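In what follows, a structure is listed as structure tokens, so that the remarks can point back to it.
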Amino acid sequence: MRKLANAELERKNIEEFKEAVKTPIIIILDDIRSLHNIGSVFRTADAFLMEKIYLCGITATPPNKEIHKTALGATETVTWEYTKDVLEVVNQLKAENVKVFSVEQTENAIMLDNFQPEKKVKYALIFGNEVKGVSQEAINLSDGVIEIPQLGSKHSLNISVSAGIVIWDLFQKLQ
């Protein structure tokens with residue numbers, strides 16, 4: 001097998017990305033401290049044609065050299081918006097009939113492998129702070145909670161890893 005060169009991958013340019021039909025998933029990053037995590041989520045959002053990213057609370061915004069290190073230009077393709085209050089974003093999206101799910105560990109959470117997204121429904125996924133997770137207030141407003149099954153000794157995954165896992169899972173289930 002021969003490794004493909006970037007030119008052979010036939011990726012979209014910025015204009016083609018902007019015009020492409022998007023996957024009906026919105027990402028909400030709330031109080032994310034790490035600029036590298038933010039950039040990584042942008043890159044994952046680009047890879048799977050996510051509709052939009054909301055950056056909330058202390059989450060930094062582009063342009064930013066540290067975000068760019070991991071985003072590698074995805075901040076130019078993926079639509080994003082900064083809103084200070086995550087609860088405002090959740091309420092706005094719910095008013096637009098978007099189903100909002102927190103990605104967290106809670107009572108009665110739906111395990112990711114058991115979560116079946118509905119066709120023709122737009123989803124928003126809330127990913128929270130690296131230490132504190134998704135705020136209880138945001139969880140309370142959510143339509144539900146998705147949990148990533150874990151079998152090891154650690155209690156959590158890095159936020160960019162969590163985002164990659166959940167986004168890929170929903171993306172492929174919606175195909």
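Throughout the sequence shown, residue numbering follows the UniProt record's numbering, covering 1 to 175 in sequence. For glycine and all other residues, C-beta sits at the position ideal for the given N, C-alpha and C. Nothing here was measured: the structure is a model prediction, and the numbers come from that model.
Coarse secondary structure for residue i, derived from DSSP in three states
| i | result |
| --- | --- |
| residue 178 | A question about residue 178 goes unanswered here, because the residues of the chain that appear run from 1 up to 175. |
| G164 | helix |
| T75 | helix |
| T30 | A small fix is needed here, since residue 30 is Asp in this sequence, not Thr. Three-state result, D30: strand. |
| residue 207 | Residue coverage of the chain in this structure runs from 1 to 175, which leaves residue 207 outside it and unanswerable. |
| A109 | coil |
| A60 | coil |
| residue 180 | What the structure shows of the chain is the stretch from 1 to 175, and residue 180 is not part of that stretch, so it cannot be assessed. |
| E10 | coil |
| A124 | strand |
| S4 | It should be noted that the sequence gives Leu, not Ser, for residue 4. Coil, per DSSP. |
| V103 | strand |
Exposure of residue i, with buried meaning 16 or more beta-carbon neighbours within 10 Å
| i | result |
| --- | --- |
| S160 | buried |
| N97 | exposed |
| residue 221 | Absent from the structure is residue 221, since the part of the chain shown begins at 1 and ends at 175. |
| S153 | exposed |
| L151 | exposed |
| M50 | buried |
| I58 | exposed |
| A138 | buried |
| V121 | exposed |
| P62 | buried |
Chain-order list of residues whose beta-carbon lies under 6 Å from that of residue i (same chain, five-residue window excluded)
| i | result |
| --- | --- |
| F17 | T77 |
| G164 | T44 |
| N129 | D31 |
| D46 | A74, T77, V78 |
| D169 | L112 |
Same chain, Cβ closer than 7 Å to residue i, neighbours up to 5 away in sequence not counted
| i | result |
| --- | --- |
| S162 | V103, F127, I148 |
| D113 | P149 |
| T83 | Y54, C56, V89 |
heavy atom of the ligand GDP below 7 Å from residue i C-beta
| i | result |
| --- | --- |
| K120 | The ligand GDP is absent from the structure shown, which contains no ligand whatsoever. |
Residue i at chain C interface by Cβ criterion, 8 Å
| i | result |
| --- | --- |
| F127 | Reference to chain C is not applicable here, since this structure consists of a single protein chain. |
Neighbourhood of residue i by C-beta distance below 8 Å, restricted to the same chain and skipping five residues each side
| i | result |
| --- | --- |
| Q116 | K173 |
Stretch pair the segment 85-98 + the segment 23-30: three plus CB contacts closer than 8 Å: yes
Stretch-stretch touch, CB-based, cutoff 8 Å, three pairs: the segment 137-145 with the segment 103-116: yes
Inter-stretch contact (C-beta, 8 Å, three-pair minimum) for the segment 68-83 and the segment 35-44: yes
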